[in-house]
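Since the structure comes first, as structure tokens, the remarks are kept for the end.
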Amino acid sequence: MYPPFLPVPLPFKALQRILLVALLIPLLLITVAAAVPALVLMPFLPGGVDRTVRLLHAHTSQIRTVLTGSRAAPDLRPRRTGRP
Numbered sequence: 664m665y666p667p668f669l670p671v672p673l674p675f676k677a678l679q680r681i682l683l684v685a686l687l688i689p690l691l692l693i694t695v696a697a698a699v700p701a702l703v704l705m706p707f708l709p710g711g712v713d714r715t716v717r718l719l720h721a722h723t724s725q726i727r728t729v730l731t732g733s734r735a736a737p738d739l740r741p742r743r744t745g746r747p
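The following block contains the structure:
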């Protein structure tokens with residue numbers, strides 16, 4: 664049992680997930696921000712709708728991969744009911 668004024672230490676896997684998301688989300692946001700002009704102009708060019716759909720699909724799959732890969736594993740330990 665930890666004193667209430669100390670933070671609970673994180674297991675290595677949880678810390679790894681936090682660092683992964685903290686490092687990859689800014690990169691994905693920069694990529695999406697750089698693609699905004701293309702997403703605005705491409706639908707008006709010949710064949711642009713198909714390229715726009717592919718670009719949006721790529722960004723969606725990248726974000727889904729980061730968020731799914733960083734999901735915490737379920738806690739399989741039995742829960743305490745609060746009674747000693």
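The working numbering numbers the first residue of the sequence shown as 664 and each following residue consecutively.
Don't be surprised by glycine CBs; every beta carbon is placed ideally from N, CA and C.
- Between L687 and R727, what straight-line distance do the alpha-carbon atoms span, to the nearest angstrom? Roughly 12 Å between the two C-alpha positions.
- Task: Give me the Cα-Cα distance between L718 and A677, rounded to the nearest whole angstrom.
- Result: Across the structure, L718 and A677 are spaced so that their CA atoms are roughly 31 Å apart.
- Sequence-distant residues of the same chain with beta carbon closer than 7 Å to T715, five excluded per side: The beta carbon of T715 is closer than 7 Å to those of L702, M705, P706 in its chain, skipping five residues each way along the sequence.
- Would you tell me roughly how many angstroms separate the C-alpha atoms of L690 and F675, rounded to the nearest one? Answer to the nearest angstrom: the Cα atoms are 23 Å apart.
- Item | Spatial distance of G711 from I693 (CA atoms) | G711 and I693 have their C-alpha atoms roughly 22 Å apart.
- Query: Cα separation between D713 and A697?
  - Reply: Spanning the alpha carbons of D713 and A697 requires a straight line of approximately 19 Å.
- Short Cβ contact (8 Å threshold) for V699 with H722: No, these two residues do not count as a Cβ contact at 8 Å.
- Message: Please state the DSSP three-state secondary structure of L708.
- Response: DSSP places L708 in coil when its eight states are reduced to three.
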